[in-house]
Amino acid sequence: MLERAEIIRKEYLRHDKKFPHVWCPGCGNGIVMGALLRGIHGLNLSKDEVVLASGIGCSGRMPTYIDFNTIHTTHGRALTFCTGIKLAKPELTVITVMGDGDATAIGGNHFIHAARRNIDLTAIIINNSTYGMTGGQYSPTTPFGSKSTTSVYGHVEHAFSIAELAVTAGASFVARGTVYHAVHLEEMIQQAIRTRGFSVVEVISNCHVQHGRRNKLGGAVEMITSYKENAVLVGKAAKMSPEELEGKFTIGVLANVKKPISTEQYQRVIVEARKNSHKNSSEKEKNGIKRYEE
Amino acid sequence: MTNNDKNTNAEKEPPASTPKSAKKKRKLYTVTFFHNWCKSCGLCSAFCIKKIILKDETGRPYIEDMDSCTGCRFCEIHCPDFAITIKNRHPVRRSTDDNG
Numbered sequence: 000m001l002e003r004a005e006i007i008r009k010e011y012l013r014h015d016k017k018f019p020h021v022w023c024p025g026c027g028n029g030i031v032m033g034a035l036l037r038g039i040h041g042l043n044l045s046k047d048e049v050v051l052a053s054g055i056g057c058s059g060r061m062p063t064y065i066d067f068n069t070i071h072t073t074h075g076r077a078l079t080f081c082t083g084i085k086l087a088k089p090e091l092t093v094i095t096v097m098g099d100g101d102a103t104a105i106g107g108n109h110f111i112h113a114a115r116r117n118i119d120l121t122a123i124i125i126n127n128s129t130y131g132m133t134g135g136q137y138s139p140t141t142p143f144g145s146k147s148t149t150s151v152y153g154h155v156e157h158a159f160s161i162a163e164l165a166v167t168a169g170a171s172f173v174a175r176g177t178v179y180h181a182v183h184l185e186e187m188i189q190q191a192i193r194t195r196g197f198s199v200v201e202v203i204s205n206c207h208v209q210h211g212r213r214n215k216l217g218g219a220v221e222m223i224t225s226y227k228e229n230a231v232l233v234g235k236a237a238k239m240s241p242e243e244l245e246g247k248f249t250i251g252v253l254a255n256v257k258k259p260i261s262t263e264q265y266q267r268v269i270v271e272a273r274k275n276s277h278k279n280s281s282e283k284e285k286n287g288i289k290r291y292e293e
Numbered sequence: 000m001t002n003n004d005k006n007t008n009a010e011k012e013p014p015a016s017t018p019k020s021a022k023k024k025r026k027l028y029t030v031t032f033f034h035n036w037c038k039s040c041g042l043c044s045a046f047c048i049k050k051i052i053l054k055d056e057t058g059r060p061y062i063e064d065m066d067s068c069t070g071c072r073f074c075e076i077h078c079p080d081f082a083i084t085i086k087n088r089h090p091v092r093r094s095t096d097d098n099g
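Residue numbers (numbering that gives the first Met the number 0), protein chains in the order written: chain A, 0 to 293; chain B, 0 to 99.
Spelled out as structure tokens, the structure:
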């Protein structure tokens with residue numbers, strides 16, 4: 000009998016795509032990819048039912064390695080492509096993998112409006128606080144005062160929280176996880192896929208090569224250990240004082256609300272519009288002819 | 000508080016008095032490293048709770064004391080390169096060492 004790790008390696012990965020993958024040694028993207036595959040394996044979805052899309056960036060390489068229906072789109076536009084896929088084939092499970100710069104800077108508008116419309120998608124946003132692939136420029140989630148190639152004297156702007164942005168924008172399900180809490184992350188991804196409506200999973204990940212090295216946060220091991228120390232579960236954080244929570248972040252389910260889904264509402268509109276068009280087709284034709292004559 | 004302390008002490012005692020039965024029931028695991036995909040990032044050896052994953056001079060992981068593995072699968076789940084597999088292992092029976 001095959002172990003789960005062997006099944007995932009043999010069934011879900013594309014072995015003709017030059018493994019080992021391109022990510023740096025110790026990169027959290029690989030851990031997120033593992034959690035995603037284990038989550039989908041646990042949900043018993045067939046490979047043909049799942050669509051995985053990504054934008055540009057380190058995380059954009061993920062669909063290349065996974066044997067689902069995959070699409071590697073332009074920078075920041077993964078959600079727009081996914082909206083189209085979901086409207087054309089509503090029966091598919093559509094998952095988007097984005098980086099923090101991809102989702103909130105270049106695709107920021109698409110992200111908040113996808114949340115507002117409540118499209119039935121799952122967005123996994125890997126937040127490593129920097130643009131890793133292009134050489135460590137600051138991104139919208141780079142913390143205040145930290146150094147990057149475009150903020151050599153310390154970052155002068157403030158970061159925003161992706162998960163809280165998604166809650167405010169109106170997403171159905173919002174959760175946050177870290178790469179240290181990989182089993183928890185797997186559960187969050189499973190819940191997000193099961194939830195009908197726009198679901199966001201923000202994953203705090205490490206970029207020790209670009210972000211960690213410039214800010215003296217240590218290597219992959221030190222950065223991942225810091226997530227263990229600084230992450231607080233949502234239920235526990237509610238009982239803690241603001242002083243205790245300083246420098247820490249919450250993990251777990253931040254929002255879970257039931258709302259009408261725009262893709263389903265759109266299908267309803269199509270059905271109703273077709274009914275009306277059959278009823279009024281003769282009247283409309285007459286009106287149209289009249290207008291032409293006028 | 001004192002009652003709780005007493006209870007925890009009472010619970011801790013039985014496993015210490017019967018180590019043989021615990022040892023017999025303990026499961027054994029085999030950890031396999033797929034070195035072609037390994038990038039020697041060091042996450043497995045850093046986070047191993049038993050600290051049995053060691054690094055050679057090039058940083059590649061290896062295990063000497065395989066029987067100490069508890070099968071927590073932390074390394075398997077956290078390996079970014081899908082290079083670790085953990086399997087159940089059955090102890091070798093009829094070993095010549097036991098008979099002399």
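Using N, Cα and C, we set each Cβ at its ideal position, and we do this for glycine too.
Within-8 Å CB hit, residue i to chain A
| i | result |
| --- | --- |
| B:His89 | no |
| B:Asn6 | The predicted model places B:Asn6 with a pLDDT of 47, which falls under 50 and marks its position as unreliable; any figure quoted below should be read in that light. Not one chain A Cβ lies under 8 Å of B:Asn6. |
| B:Phe81 | yes |
| B:Lys86 | yes |
| B:Ser16 | Since pLDDT at B:Ser16 reaches only 48, below the 50 mark, its modelled position is unreliable, and the value read off the structure follows with that caveat. Not an interface residue. |
| B:Glu56 | no |
| B:Gly41 | yes |
| B:Ile76 | yes |
Residues near residue i in its chain [Cβ-Cβ closer than 8 Å; skip 5 each side]
| i | result |
| --- | --- |
| B:Ile85 | Tyr28, Thr29, Val30, Thr31, Cys68, Gly70, Arg72, Cys74 and Glu75 |
| A:Thr73 | Gly54 and Ile55 |
| B:Ile48 | Thr69, Cys71 and Phe73 |
| A:Phe18 | Leu12 and Tyr64 |
Boundaries of the alpha helix (DSSP H) in which residue i is found, first to last residue
| i | result |
| --- | --- |
| A:Lys85 | Ala77 to Ala87 |
| A:Gly98 | Per DSSP, A:Gly98 belongs to no alpha helix (DSSP H); it is in the beta strand (DSSP E), Thr92 to Gly98. |
| A:Thr121 | A:Thr121 -> not in any alpha helix (DSSP H); beta strand (DSSP E) instead, spanning Thr121 to Asn126. |
| A:Lys238 | Val233 to Lys238 |
| A:Ile186 | Sequence inspection shows Glu at residue 186 of chain A; the Ile mentioned does not correspond to that position. Per DSSP, A:Glu186 belongs to the alpha helix (DSSP H) from Ala181 to Arg193. |
| B:Ile76 | Phe73 to His77 |
| B:Phe46 | Leu42 to Phe46 |
| A:Val294 | Chain A is shown from 0 up to 293; residue 294 of chain A falls before or after that span and cannot be answered. |
| A:Leu44 | No alpha helix (DSSP H) contains A:Leu44, which DSSP labels as neither H nor E. |
Closest residue to residue i among the options (Cα-Cα distance)
| i | options | result |
| --- | --- | --- |
| A:Val252 | A:Arg115, A:Arg60 and A:Glu185 | A:Glu185 |
| A:Arg76 | A:Ile55, A:Asn68 and A:Met187 | A:Ile55 |
| A:Gly153 | A:Thr141, A:Val208, A:Asp99 and A:Ser160 | A:Thr141 |
| A:Ala174 | A:Gln136, A:Val208, A:Ile269 and A:Ala122 | A:Ala122 |
| A:Lys215 | A:Phe110, A:Lys146, A:Cys57 and A:Lys247 | A:Lys146 |
| A:Tyr265 | A:Pro89, A:Glu10, A:Val31 and A:Ala4 | A:Pro89 |
| A:Ser160 | A:Ser171, A:His180, A:Val200 and A:Met187 | A:Val200 |
| A:Arg115 | A:Phe197, A:Glu163, A:Glu242 and A:Cys57 | A:Phe197 |
| A:Ala162 | A:Leu44, A:Glu2, A:Phe110 and A:Thr149 | A:Phe110 |
| A:Thr262 | A:Ala52, A:Leu120, A:Thr63 and A:Ile39 | A:Leu120 |
| A:Gln209 | A:Ala4, A:Trp22 and A:Val155 | A:Trp22 |
Own chain partners of residue i with C-beta closer than 6 Å, once the 5 adjacent residues on each side are dropped
| i | result |
| --- | --- |
| A:Thr82 | Ile118 |
| A:Gly25 | Ala219 |
| A:Asp99 | Asn126, Ser138 and Thr140 |
| A:Ala254 | Val166 and Val173 |
| A:Leu36 | Ile7 and Tyr11 |
Those residues which DSSP pairs with residue i across a bridge
| i | result |
| --- | --- |
| A:Thr140 | None, per the DSSP bridge assignment. |
| A:Val252 | A:Ala174 |
| A:Tyr130 | A:Gln136 |
| B:Ile52 | B:Ile62 |
| A:Ala230 | A:Phe248 |
| A:Ile65 | A:Leu12 |
Interface residues of chain D facing residue i [CB-CB closer than 7 Å]
| i | result |
| --- | --- |
| B:Lys38 | As a matter of chain content, chain D is missing from the structure shown, whose protein chains are A and B. |
Where the beta strand (DSSP E) through residue i begins and ends
| i | result |
| --- | --- |
| B:Thr31 | Leu27 to Phe32 |
| A:Gly176 | Phe172 to Thr177 |
| A:Leu51 | Val49 to Ser53 |
| B:Arg88 | Ile83 to Arg88 |
| A:Ile70 | Asn68 to His71 |
| A:Val202 | Ser198 to Ile203 |
| B:Tyr61 | Pro60 to Ile62 |
| A:Leu12 | A:Leu12 -> no beta strand (DSSP E), and no H or E assigned at all. |
| A:Ser118 | Reading off the sequence shown, one finds Ile at residue 118 of chain A, where the question assumed Ser. No beta strand (DSSP E) holds A:Ile118; DSSP gives it neither H nor E. |
Any C-beta of chain B under 8 Å from that of residue i
| i | result |
| --- | --- |
| A:Ser58 | no |
| A:Ala52 | no |
| A:Ile39 | no |
| A:Asn28 | yes |
| A:Val182 | yes |
| A:Ala219 | yes |
| A:Gly33 | yes |
| A:Arg8 | yes |
| A:Ala237 | no |
| A:Ala102 | no |
| A:Ala4 | yes |
Contact set for residue i: own chain, Cβ-Cβ below 7 Å, skip 5 residues either direction
| i | result |
| --- | --- |
| A:Gly41 | Gln189 |
| B:Ile52 | Cys43, Ser44, Pro60, Ile62 and Cys74 |
| B:Asn3 | For B:Asn3, the predicted model reports a pLDDT of 48, less than 50, meaning its position is unreliable and no value from the coordinates is stated. |
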